[in-house]
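Asker: This is the structure I want to talk about, given as structure tokens.
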Amino acid sequence: MPPLEREWHCRAAPLCFLSIRSPRRAARPRNTTRRSSCRRRPLSLGPYVREQIENWVGDFCNDDAILQFTAAVTQAAAPVLTEFLAAACEARDLPPGEIEEPDARSALLERVARLRLPEPVHAQVPSLCAAFTTFLEEQGRLGGGRALGAFIRALGPAYIRQAQGKPEPIQRPGSRIGRNDPCPCGSGRKYKKCCMNE
365 MPPLEREWHC RAAPLCFLSI RSPRRAARPR NTTRRSSCRR RPLSLGPYVR
415 EQIENWVGDF CNDDAILQFT AAVTQAAAPV LTEFLAAACE ARDLPPGEIE
465 EPDARSALLE RVARLRLPEP VHAQVPSLCA AFTTFLEEQG RLGGGRALGA
515 FIRALGPAYI RQAQGKPEPI QRPGSRIGRN DPCPCGSGRK YKKCCMNE
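Residues 365 to 562, numbered by this note's numbering, are exactly what the sequence shown covers, in order.
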């Protein structure tokens, strides 16, 4: 049996102690397989976060801020806002109080736009989400909620296009190569004589 390796470990305390490690463990560098405890673990929408989102949405739906919307929008508000905030949290694994513009953009354009809602409700969803973020800032739950609300309102036309499911037309980034233009391969010859037939 190979001899055991001795190591001295000094802690913040003034006392030092001796530990004995087996040769197999001694060959492995220390702390390479362990994850750093200061790394941020991804946030999964567990029951606590999901309940927090539902409570915030419920507070908004019971507040006077929702009275500015029509009855159809008011009925659809809870599932739409729950989906919006949950998707924003999942975008970068953030808690609900720390969402920012990229999170709101991906939540609104990718997840909420796919929800099956009546046309009049789809038209007011960006305003609803903006009012919700403003409400969260007034309650002290979300920093920068008013600015985030203005950003969400600005995403309105993109949201409507996304909700209708019409893809944007593909546009050529540059002009088309003419037959008599110089060849883009760099040969110096005309395009029609060089690479046009390839």
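The C-beta atom is built at its ideal place from N, Cα and C for all residues, glycine as well.
Would you mind stating whether GLU447 and ARG475 have Cβ atoms separated by less than 7 Å?
Answerer: Annotated as proximal: GLU447 and ARG475, with beta-carbon spacing under 7 Å.
Asker: Among GLY538, SER491, ARG414, GLN528, whose alpha-carbon lies nearest the alpha-carbon of ALA452?
Answerer: ARG414
Asker: Using the C-alpha atoms, what's the distance from PRO531 back to ARG505?
Answerer: 36 Å
Asker: What would DSSP say about PRO564, mapped onto helix, strand or coil?
Answerer: Given that the chain is displayed from residue 365 to residue 562, the structure contains no residue 564 and the question cannot be resolved.
Asker: Just checking, does the region 425 to 438 make contact with the region 462 to 471 on the three C-beta pairs under 8 Å criterion?
Answerer: no
Asker: With a threshold of 16 other CB atoms inside 10 Å of the CB of THR396, please say whether the residue is buried or exposed.
Answerer: Because the pLDDT at THR396 is just 46, under 50, the model does not fix this residue reliably, and the point stays unresolved.
Asker: Given a cut-off of 7 Å on the beta-carbon distance, is the pair ALA527 and ALA477 in contact?
Answerer: yes
Asker: In chain order, what residues of the same chain lie with their CB nearer than 6 Å to the CB of ARG553, ignoring the 5 residues before and after it?
Answerer: CYS547
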